[in-house]
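Novice: Okay, handing you the structure first.
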Amino acid sequence: MLRLFCLLFFFHLTIFYAQVELSFNKKFVQSEDKWIAFQTDTINRYAFGFAFIDVKEGLMFDYEGTFKIDSLGKYIPRKKEEKKSVRLRLKPGNEKIAFIPDDKLIELQVAKIPEWLKEYKKDEGSIERLYSIGYLYNGWNECEKALEYLDKAKAINPDYLGLGVELAYSYNCLKRYEDAVEVLKNVLIKYPFDDYSNKELIYAYAKLGDLDEAEKRCRFVFKNCKDTYNAENAYNILQGYYFKKDKKRFMNWLKESKAYFNKENQFTNLIEKMKDELK
Numbered sequence: 016m017l018r019l020f021c022l023l024f025f026f027h028l029t030i031f032y033a034q035v036e037l038s039f040n041k042k043f044v045q046s047e048d049k050w051i052a053f054q055t056d057t058i059n060r061y062a063f064g065f066a067f068i069d070v071k072e073g074l075m076f077d078y079e080g081t082f083k084i085d086s087l088g089k090y091i092p093r094k095k096e097e098k099k100s101v102r103l104r105l106k107p108g109n110e111k112i113a114f115i116p117d118d119k120l121i122e123l124q125v126a127k128i129p130e131w132l133k134e135y136k137k138d139e140g141s142i143e144r145l146y147s148i149g150y151l152y153n154g155w156n157e158c159e160k161a162l163e164y165l166d167k168a169k170a171i172n173p174d175y176l177g178l179g180v181e182l183a184y185s186y187n188c189l190k191r192y193e194d195a196v197e198v199l200k201n202v203l204i205k206y207p208f209d210d211y212s213n214k215e216l217i218y219a220y221a222k223l224g225d226l227d228e229a230e231k232r233c234r235f236v237f238k239n240c241k242d243t244y245n246a247e248n249a250y251n252i253l254q255g256y257y258f259k260k261d262k263k264r265f266m267n268w269l270k271e272s273k274a275y276f277n278k279e280n281q282f283t284n285l286i287e288k289m290k291d292e293l294k
């Protein structure tokens, strides 16, 4: 019985170390400048490498090799061949990864910051890089992280081309609609016909419930801008009236903007559902 107890304790201890040291609860987009691990098909063996941002390619993974965790919690690496470089683009998704604790990097025989990373940091702190990384994080829907970079870019030059609307996108994403409106009003003084900036402003007005201003801007866009976002703009206003339970204005706006939904089945189906619920 004692022997069985010892074996069970040893087995539990092995699993305990693995679970405590590696928690697979992080996303790719959280891994910038970190050593990360992936689960593999082999029990107690993990692939690992360094995640970094290439402003041209996005989030990248530099594969270093694999490792296993022994019964005492020590990381035992199996490194790739030195001459081989394996780099992969990490696409945002549902796959979970683990951050490797800093105190385990010595066991894995790697430096906390790889020497080669300096090639990707040459322009660190430049407005071009700050803007580009903020743009990437917005694209990954990590808007709070995007603002860390975009706010630094704003401190250097608030009038940098494209920065205003990128800030507004982050604000809208984070439901800071008043901030989005303030930024976009300034942007549109210089670029009144920019379809993307107008889209973000109409969205912010609609979310604030200021549908008169949203309609006014939307009519301006219908008349003067490219029709890239006409259906989306019109839909956001309709949705605003739906949330207010204002059937009369919902139907009036639908009549005015109906032409923009002819080829937009994704919106058409949603609109029909809203109409039914407002009856």
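Note that the sequence shown covers residues 16 to 294 in my numbering.
We treat Cβ as the ideally placed atom computed from N, Cα and C, and that holds for glycine.
F43 to K127, Cα distance in whole Å?
Specialist: Approximately 18 Å between the Cα atoms of the pair.
Novice: Note the first and the last residue of the continuous alpha helix (DSSP H) segment covering L5.
Specialist: The chain is shown from 16 up to 294; residue 5 falls before or after that span and cannot be answered.
Novice: DSSP state of G179, grouped into three classes?
Specialist: Looking at G179 - three-state DSSP - the assignment turns out to be helix.
Novice: Cα-Cα, which of K106, P107, K99 and F65 is closest to L375?
Specialist: No answer is possible for residue 375: the residues shown for the chain start at 16 and end at 294.
Novice: Would you kindly work out how many angstroms separate the C-alpha atoms of N187 and K83, rounded to a whole number?
Specialist: Going by the C-alpha atoms only, they are around 44 Å apart.
Novice: Looking only at its chain, what residues have a beta carbon closer than 8 Å to the beta carbon of P173, apart from the 5 residues adjacent to it on each side?
Specialist: Contacts found: G179.
Novice: In its own chain, which residues sit with a C-beta less than 8 Å from the C-beta of M75, not counting the 5 before and 5 after it?
Specialist: Within the same chain, M75 has close Cβ partners A66, F67, I68, D69, R102, L103, R104 and L105.
Novice: Quick test of the definition: if touching needs 3 or more C-beta pairs under 8 Å, does the region 243 to 254 touch the region 274 to 291?
Specialist: Yes, they touch.
Novice: Who pairs with K83 in a beta bridge, going by DSSP?
Specialist: In DSSP, K83 forms a bridge with R60 and I91.
Novice: Which residue marks the beginning of the alpha helix (DSSP H) containing K231, and which one marks its end?
Specialist: Taken as a continuous stretch (DSSP letters only), the alpha helix (DSSP H) holding K231 covers L226 to N239.
Novice: Measure the alpha-carbon distance for K238 versus K273 and round it to whole angstroms.
Specialist: Roughly 15 Å between the two C-alpha positions.
Novice: Report the option in K137, G88, V196 and I58 whose CA atom is closest to the CA atom of G224.
Specialist: The shortest Cα separation from G224 among K137, G88, V196 and I58 belongs to V196.
Novice: Which same chain residues, not among the five before or five after E230, have their C-beta less than 8 Å away from its C-beta?
Specialist: Same-chain partners within the cutoff: I252 and W268.
Novice: According to the neighbour-count rule (16 or more other Cβ atoms, all chains shown, within 10 Å of its Cβ), is G154 buried or exposed?
Specialist: By the 10 Å Cβ count, G154 comes out exposed.
Novice: Between which residues of its own chain and K160 is the CB-CB distance below 7 Å, once the five residues before and five after are set aside?
Specialist: Only Y152 meet the Cβ criterion.
Novice: Between L23 and L37, what straight-line distance do the alpha-carbon atoms span, to the nearest angstrom?
Specialist: Per-residue confidence for L23 stands at a pLDDT of 36, beneath the threshold of 50, marking its modelled position as unreliable; no derived number is given.
Novice: Any idea which residues DSSP pairs W50 with across the strands?
Specialist: Partner(s): F65.
Novice: Based on Cα-Cα distance, which residue from N156, E163, L199 and V198 lies nearest to G140?
Specialist: Nearest C-alpha to G140: E163.
Novice: Between which two residues does the beta strand (DSSP E) harbouring R104 extend?
Specialist: R102 to R104 is the extent of the beta strand (DSSP E) around R104.
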